[in-house]
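Trainee: With the working numbering applied, the sequence shown closes on residue 152, and no number is skipped along the way. Just dropping this structure here.
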Amino acid sequence: MDPILELQGVIVARLRSFAAVTALVGQKSYDQPPLDQNGKVPATTFPYISIGPSNYVTEDADCIDGGEVMIQIDAWSVEPGQPQMRRMADAIRKAFRGYEFSLTENALVTFDHWRTDYIVDGTLKHASVRFTAIVEQP
């Protein structure tokens with residue numbers, strides 16, 4: 015199985031079960047948020063968390079297939095000011111601090127917070143929380 019796909023499933027499940035996250039967004043952590051007939055996220059969906067861009071760089075060595083993953087988790091808010099967006103980003107980071115991932119096909123060696131960017135575009139607030147991981151494949 016693609017290591018990013020497997021990791022993505024575990025990430026969404028963790029976000030949907032971590033109390034600090036669910037207190038802010040309920041179960042609204044998505045691979046892809048629901049869209050209306052115009053292809054836009056409905057206003058009633060906010061605030062929510064979604065999986066953003068990711069990449070995989072192969073780093074095979076000494077009979078070990080694996081690589082480095084960068085995966086972005088996005089927090090979205092339209093609430094006035096930045097507090098909600100920043101609380102969501104903090105809860106995302108805390109959800110994975112010391113978390114023991116359970117993958118069924120791949121082995122996760124490390125999973126670390128790399129950086130968080132905060133973007134305000136009019137009424138839309140967006141926190142981009144990025145993690146790096148080292149994964150071994152069978």
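Yeah, the Cβ is synthetic: ideal placement off N, Cα and C, and Gly gets one too.
#1: With a threshold of 8 Å on Cβ separation, who are the neighbours of ILE63 within its own chain once the five nearest residues in sequence on each side are excluded?
#2: Which residue's Cα is closest to the Cα of GLU20: GLY53, ILE65 and ASP76?
#3: Should GLN46 go down as buried or exposed, given a rule of 16 or more other Cβ atoms within 10 Å for buried?
#4: Hey, out of ILE133, GLU150 and ASN120, whose CA is closest to GLN98's CA?
#5: Does DSSP put THR72 in a helix, in a strand, or in coil?
#6: Between which two residues does the beta strand (DSSP E) containing LYS139 stretch?
#7: Expressed to the nearest angstrom, what Euclidean distance is found between the alpha-carbon atoms of ARG111 and ASP126?
#8: For a quick check, are the C-beta atoms of ALA141 and PHE32 less than 7 Å apart?
#9: Cutting at 7 Å between CB atoms, please list the residues of its own chain near THR59, excluding the five before and the five after it.
#10: Bridge partners for SER91 per DSSP, in chain order?
#11: Where does the unbroken alpha helix (DSSP H) through ARG28 begin, and where does it stop?
#12: Quick check on ARG101: does DSSP put it in helix, strand or coil?
#13: Cα separation between MET84 and THR118?
#14: What is the DSSP secondary structure of ARG111, counted as helix, strand or coil?
Mentor: On the basis of the supplied data:
#1: Only LEU29, VAL35, VAL39, LYS42, SER43, TYR44, ILE87, ASP88, ALA89, TRP90, MET102 and ILE106 meet the Cβ criterion.
#2: Of GLY53, ILE65 and ASP76, the residue nearest in Cα terms is ILE65.
#3: Under this definition GLN46 is an exposed residue.
#4: Looking only at ILE133, GLU150 and ASN120, the smallest Cα-Cα distance to GLN98 is reached by ILE133.
#5: Of the three classes helix, strand and coil, the one that applies to THR72 here is strand, per DSSP.
#6: Unbroken beta strand (DSSP E) run through LYS139: 138 to 151.
#7: The C-alpha of ARG111 lies about 8 Å from the C-alpha of ASP126.
#8: No.
#9: Excluding residues up to 5 positions away in sequence, LYS42, PRO47 and PRO48 lie with their Cβ nearer than 7 Å to the Cβ of THR59 in the same chain.
#10: The bridge partners DSSP lists for SER91 are LYS139.
#11: Per DSSP, ARG28 belongs to the alpha helix (DSSP H) from 17 to 31.
#12: Here ARG101 sits in helix by DSSP.
#13: Taking the straight line joining both Cα atoms gives about 20 Å.
#14: Judged by DSSP in its simplified three-state form, ARG111 adopts coil rather than helix or strand.
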